[in-house]
Structures are given as structure tokens and as C-alpha cells.
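*Asks:* Please see the structure below; I have some questions.
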Amino acid sequence: YADITDAREISGGSAANTAVGVAALGGRAGFAGRVHDDVLGHSFIGDIGAAGVQFTTPPQTDGAPTASSIILVTPDAIRSMNTHLGACIEFQPDDIRPQEVAASKVIYLEGYLFDAPAGPEIFAHAARLAGDHGVQVSLSLSDPWCAERHREALSRFVHDHVDILFANEDEAASLCDSDVATATETLCKQVSEVVITRGAAGAFIGHGGSRHEVASRPLGPVEDTTGAGDLFAAGYLYGRTNGRDALASGTIASLTAGEVISHIGARPEADIASMVMAEKL
């Protein structure tokens, strides 16, 4: 860490980035997660609050320190993550507040959380709360190796509980242990709304019997692909919870993902709400 000179320190985390993106678009978002009572933890709390995201979990005073990740971005904009999960994996089912779920239209789970010791229990608890209050469940598969590690349990959860599924092509293929085309059809039969991102090729959206292709929308040279999927999910969920159809939501998502890959860091820097308004989306 001390040897890194050309660097920026930015709050992150996959689901947190998505929540910040929703708030930046003018939506209402909350986040549930764990940080420690340390410098990085208080930085995270301040940053997510300043972004307009509700985060009410108090920092823990024992256990692991706040998670951190050194992300190396090569000239071709591809990133490699060196992550210490820290307090993240000490998250517990009781950290999810029922009243916050009840006040939501959709909850968003990240697949990475399945790696936590209490991960499967957290997913089951979140799904129960969502079901009790008529709230939709959305899930990002997060990572092809995560999908492979937990293929059987995640496949069951997707089939039984997920209303909106986000994955890139590698993640979808890994979960279904098949090629991308077969995985896409399999998931569309299991989940009412499937969003599969394809990098520069855009995204596929399956909603009911409809199929949509959404073009990518880079705003300029690609600088850093960190957070592209997070902000795509943010744009899509914002659209779907604010009266847009699947195709319009995908177009918003492509725009927000295009913004975040145009600079270093996984959170929006431009006024993405104004960008969406200018496009009349």
C-alpha cells in the first residue's frame, strides 16, 4: 500500500455502489452492511450518507477491521482486485431491519455475500422478509467463481426467490454450468426478469415472454471497468421502481454504466440524473 503512488482512495463495495447509483439518480436507497469503528469505517459512513443513502448499522467495536480492496487498473481499463473482506463477512441476518425492507419496493442482494459464514442464512432471512411484505428480490451473481462455488444453493435460491437477476455472461454460464446461450434460456424460464450484461456488446433483458437487446453507451474512452455492473444494476432498478418498462430501464442502466467506466472509481462523478432527464428516459 505504501508503495502505491498514483492512487485514489474511494468508498466502495458492490451493493453499496449500486445503492449510491440509485440515490444519484434521484431514487430512495438504503444499505445494510458492516464496518468497523475505525478510520475507513467512518469514511465509508460519511461517504454513503453524503450520497443520500440510508445506512443505520452502527460500526462494530470488536472483530475484524473495515474491509478494503486495492484495485489495480491496467491501461486497457481492466481491473484486478486484492481484497481484505474484514468486517463485511461478519454481517448477520439480524443486521437486516424488517422495517426498512417493508418500506422498500425491491431488495438487492450481492452474490459475494454467499461467501460469508452466515451468507445462506442471510439470503434466506432477506427472502422471508421480502415475501412477508410483498417486496421483490433482486440478486447480482457478482462473480463466476462465486457462482461456481455455491452453484447448487444459489441455483435453488434463484429458482425459489429471485424476481430480478443480474449477471454477466460468465456468471450466468458458471451458475448453469453451460454455455451462455443455454444459460440465458434456462434462467429466463426460472426468473421473471433476467438482465445479462455483455460488456461492450451491451446487455440482454428477458422479461416475461419479451426479449430486449440494449446497446452499450460509453461516454468516452473507457478508463476503468470497476463498478460497471454495479451501476448498471443501479440504473435498471431505478427505472423499474419508478415506472419505466424493462427496455427503458435497460437504457438508463447502459447510460449509468457508461458514465462510471469513463473515470477511475466505481461511483458516479457526473450528474447522472440530469443525463437521464436529458435523454427523456
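Adding 62 to a residue's 1-based position in the sequence shown gives its number in our numbering. Each residue gets a CB set at the ideal place from its N, CA and C atoms; glycine is no exception.
(1) Enumerate in chain order the residues of its own chain whose CB-to-CB distance from Ser236 is below 6 Å, with the five nearest sequence positions on each side excluded.
(2) Check for me: the alpha helix (DSSP H) holding Thr80 runs from which residue to which?
(3) Buried or exposed: where does Leu134 fall if 16 or more other Cβ atoms within 10 Å of its Cβ makes it buried?
(4) With three or more beta-carbon pairs closer than 8 Å as the criterion, would you say the region 135-146 touches the region 182-191?
(5) Starting from the N-terminal side, write out each stretch of the beta strand (DSSP E) that is 3 residues or longer and does not extend beyond the region 170-198.
(6) Determine the closest residue to Val84 out of Ser105, Gly114, Gly103, Asp68, with distance taken between C-alpha atoms.
(7) I'd like the span of the beta strand (DSSP E) that includes Phe266, first residue to last.
(8) Within its chain, find whatever has a CB closer than 7 Å to the CB of Ile110; leave out the 5 residues flanking it on each side and keep chain order.
(9) For Arg211, name the three-state secondary structure that DSSP assigns.
(10) For the region 272-285 against the region 218-226, are there 3 or more C-beta pairs whose distance is under 8 Å?
(11) Report the option in Leu343, Arg260, His223, Ser131 whose CA atom is closest to the CA atom of Gly305.
(12) Using DSSP's beta-bridge definition, name the partner residues of His98.
(13) In or out: Ile226 buried (at least 16 other Cβ within 10 Å) or exposed?
(14) Under 7 Å, do Glu321 and Pro330 count as touching if we go by C-beta distance?
(15) With a CB to CB cut of under 6 Å and the five nearest residues on each side skipped, what residues in its chain are close to Lys167?
(16) Whole beta strand (DSSP E) runs in the region 267-321 with 3 or more residues, listed along the chain?
(17) Can Val276 and Gly268 be called in contact, C-beta distance under 7 Å?
*Replies:* Here's the rundown:
(1) As a working note, residue 236 is residue 174 in the sequence shown. If we look at Ser236 and ignore the five residues flanking it on each side, its Cβ neighbours are Pro206, Ala209, Glu210.
(2) Mapped onto the sequence shown, residue 80 falls at position 18. 76-86 is the span of the alpha helix (DSSP H), which, as asked, contains Thr80.
(3) Start at 1 with the first residue of the sequence shown, and residue 134 comes out as number 72. By the neighbour-count rule (16 or more Cβ atoms within 10 Å), Leu134 is not buried but exposed.
(4) no
(5) none
(6) Stepping through the sequence shown from its first residue, residue 84 is reached at position 22. For Val84, the nearest C-alpha among the options comes from Gly114.
(7) Sequence index remark: in the sequence shown, residue 266 carries index 204 (1-based). Here the beta strand (DSSP E) through Phe266 covers 265-269.
(8) In the sequence shown, residue 110 corresponds to position 48, counting from 1. So the qualifying residues of the chain are Ser73, Ala78, Val82, Phe93, Phe117.
(9) The residue given as residue 211 occupies position 149 in the sequence shown. Correct three-state label for Arg211: helix.
(10) Contact between the region 272-285 and the region 218-226 is absent: fewer than three C-beta pairs spanning the two stretches fall below 8 Å.
(11) In the sequence shown, residue 305 corresponds to position 243, counting from 1. Nearest C-alpha to Gly305: Leu343.
(12) Residue mapping note: residue 98 aligns to position 36 of the sequence shown, counting from 1. Answer by DSSP bridge pairing, in chain order: Gln122.
(13) Counted from its first residue, the sequence shown places residue 226 at position 164. When all chains shown are included, Ile226 counts as buried.
(14) Position 259 of the sequence shown, counted from the start, is the residue given in the question as residue 321. Position 268 of the sequence shown, counted from the start, is the residue given in the question as residue 330. Contact: yes.
(15) If you number the sequence shown from 1, residue 167 lands on position 105. The residues are Thr303.
(16) 272-276
(17) Residue 276 sits at position 214 when you count from the first residue of the sequence shown. Residue 268 sits at position 206 when you count from the first residue of the sequence shown. No.
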